[in-house]
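Residue numbers (the numbering used here), protein chains in the order written: chain H, 1 to 248; chain B, 1001 to 1215.
Here it is in C-alpha cells:
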C-alpha cells in the first residue's frame, strides 16, 4: 500500500503525524503540577516585574491579576458584607474588667489617636506594603477599662455574627495592636472591615478582625474562627503557620 | 461530556471569582461554604472525562483523544495563513486541538494545585502559595481560552449545530474537514473499535447528508 492509501484509510493517523499534542498535554499538566513546588519563587519574580508595572496601571484591570502585590483579597465568611453606619456603631468592652465600656464611633475618635504605617500580610501569601492606619491603641482602651488580674486573653467578635478572634493579654499590650478607624488615609470602607476593625500588625491578616463589635476580657484564649479551622493561634508573620515571610 | 464540563466550569468560575474576591463577585460571601463547594465540585471535574475514557460510551472520545494527541502536516499547513487553503484537515482544526489539550491538562492541574491549597496544614504553606499562584494563572488563561472557544462557537453556525445536535452536514465536513469526511465514509472505518451504536456511519445515513459527531 502506498502512502496515499494509508491516508485514505486512516486519513488523520498517517505516518507523518507527530505526537506534539500528547507532549503539549503532558507538558502543561507537568508544568502546572510542578507549579506547586516552584510557584512560590515564580510568584516573587512576577511580583518584582509585572507588579511594578501593574501598580501604575490606571485602569485597575491589572489589580485582578494574581500578582501577590498591593492587592487586597477581600474575604468575608458570611453572606455579603455586614453594614453598620458610623451613627449606629458601638464597640463594647466587657468581661474581666473594672469598668465595662461601650464606645460610639465618635467616642473612639475623641480618644488619643495613633498612626502607624505598616505592611498588611495575609497568610495566603499576599502582602500590601506600607499601609497607613489610624486608630486607638488597644492597650490604651484596656488601661481605660482596667483589666482584672485573673484575665489572660481577649476574645473579639465581629458584627458579621460569625467571625471571632483572640489575642493573649501580652500580645494585646504591644504598641502595634490598633483598634483602627482609618485606612489608606480614609475612613475604613465596609469591604475593608469598617467602620472599625482591629489591626494586629505583627500577625497574619486573619488576626485583624473586621467589623469589630465586642472585646471581651477572658481568663483563657478561645481560638478564633480560622484557628478552629487549622491556623495557628499565635500568628506571627514569619514565625507561624510554617511560613518564612519577613516579619512586620 | 462537553456539557457536564461546561456546567462544572461555569460553577467553578463563579465560586472561584468569589473566593478570589473579584469585584462584582464579593457579594456572594460565605467564604467557608463557597470554599467547600468549590473544592468538591472541583474534584468532580475529572469524572466526566474519566467516564468517557473508561466506559463503552466513550469510544468516540477515545478516538478524539488520539486525534488531539497528533499533529499532522495539514495542521501545520492550516496554522499558516498562506498555506491554509491547501490544508486537508481531520476532524479537528489545530485551534480546537490546542483548546482540548489545554482544557485536558487543566483538569489535572486544578485538582492538584487545589489540593495543595486546601490542605495547607498538610503541605507547607510555601507550597500553598506556589499552588495558589499556579491555580490563579492557569485559571486566567483558561478563562481566555474558554471565552475564545465560545466566541468561535457562536460565530460559526455549522460547528455550533454539530455540538448541539451531534451531527454535521456531510458537504460541510467534506469541504472543511476532508480527511475526517474520508475516514467516516470509508468502509474500513467500521472495522475499528467503535461500538456500532456510537458510530452511526452506515452509508444510508451519510447519504442523507449527516455525519455523526462525537457525543
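Even for Gly, the Cβ is constructed at its ideal location relative to N, Cα and C. Everything numeric in this text was worked out from a predicted model, so none of it was measured.
Kindly say whether residue 1101 (chain B), judged by its beta-carbon, lies nearer than 8 angstroms to any beta-carbon of chain H.
Judged by the 8 angstroms Cβ criterion, residue 1101 (chain B) is in contact with chain H.
At which residues does the alpha helix (DSSP H) containing residue 1053 (chain B) begin and terminate?
It spans 1046-1054 - the alpha helix (DSSP H) in which residue 1053 (chain B) sits, taken as one unbroken run.
Looking at C-alpha atoms only, which residue of H:182, H:143, H:114 and H:17 is the closest neighbour of residue 250 (chain H)?
No answer is possible for residue 250 (chain H): it lies beyond the span of chain H, which begins at 1 and ends at 248.
Closest by CA to residue 148 (chain H), which one among H:96, H:167 and H:196?
H:96
For residue 1141 (chain B) and residue 1088 (chain B), what's the separation of their Cα atoms in angstroms?
29 angstroms
Alpha carbons only, please: which of H:32, H:130 and H:109 is nearest the one belonging to residue 1114 (chain B)?
H:32
Determine the direct distance from the alpha carbon of residue 1109 (chain B) to that of residue 173 (chain H), and round the result to whole angstroms.
In this structure, the CA atom of residue 173 (chain H) is about 45 angstroms from the CA atom of residue 1109 (chain B).
Nearest CA to the CA of residue 1064 (chain B): which residue from B:1171, B:1002, B:1041 and B:1078?
B:1002
Neighbour flag for residue 28 (chain H) against chain B, beta carbons, 8 angstroms:
yes
Residue 1066 (chain B) by DSSP, collapsed to three states: which one?
helix
Nearest to residue 1164 (chain B) by CA position, among B:1025, B:1153, B:1171 and B:1144, is which residue?
B:1153
Continuous alpha helix (DSSP H) assignments of at least 4 residues falling wholly in the region 116-169 of chain H
List check, alpha helix (DSSP H) in window: 138-145.
Count Cβ pairs between the region 157-166 of chain H and the region 200-210 of chain H that sit closer than 8 angstroms; are there 3 or more?
yes
Look up residue 87 (chain H) in the DSSP assignment and say whether it is helix, strand or coil.
coil
Of the listed residues B:1009, B:1093, B:1068 and B:1059, nearest to residue 26 (chain H) (C-alpha basis)
Of the listed residues, the one whose Cα sits closest to residue 26 (chain H) is B:1068.
Please list the terminal residues of the continuous beta strand (DSSP E) segment that includes residue 199 (chain H).
Unbroken beta strand (DSSP E) run through residue 199 (chain H): 197-200.
When we look at the beta-carbon of residue 129 (chain H) and count the other beta-carbons within 10 Å, is it buried (16 or more) or exposed?
exposed
Under DSSP, the alpha helix (DSSP H) around residue 1101 (chain B) begins and ends at which residues?
1094-1118
Could you tell me the alpha carbon to alpha carbon distance between residue 140 (chain H) and residue 193 (chain H), rounded to whole angstroms?
21 angstroms
Out of H:92, H:94 and H:106, which has the shortest C-alpha to C-alpha gap to residue 85 (chain H)?
H:106
Looking at C-alpha atoms only, which residue of B:1180, B:1144, B:1117 and B:1151 is the closest neighbour of residue 1131 (chain B)?
B:1117
Do the CB positions of residue 1127 (chain B) and residue 36 (chain H) come within less than 8 angstroms of each other?
Yes; because the gap between Cβ atoms is below 8 angstroms, this pair is in contact.
In angstroms, rounded to a whole number, what distance separates the CA positions of residue 29 (chain H) and residue 1119 (chain B)?
20 angstroms
Can you pull the chain H residues whose beta carbon is under 8 angstroms from the beta carbon of residue 1071 (chain B), in chain order?
By Cβ distance, chain H contributes 17, 18, 19, 20 and 21.
I think residue 169 (chain H) touches residue 131 (chain H), with their Cβ atoms under 8 angstroms apart; what is that distance to the nearest whole Å?
That pair is no contact at about 26 angstroms.
For chain H, find out if any of its Cβ atoms is closer than 8 angstroms to the Cβ of residue 1079 (chain B); answer yes or no.
no
If we define contact as Cβ-Cβ less than 8 angstroms, is residue 1068 (chain B) a contact residue for chain H?
True, the Cβ-Cβ gap to chain H drops below 8 angstroms.
Checking contacts by CB at 8 angstroms: is residue 193 (chain H) closer than that to chain B?
The beta-carbon of residue 193 (chain H) is placed no less than 8 angstroms from the nearest beta-carbon of chain B.
Would you report the Cα separation of residue 1080 (chain B) and residue 225 (chain H), rounded to the nearest angstrom?
57 angstroms
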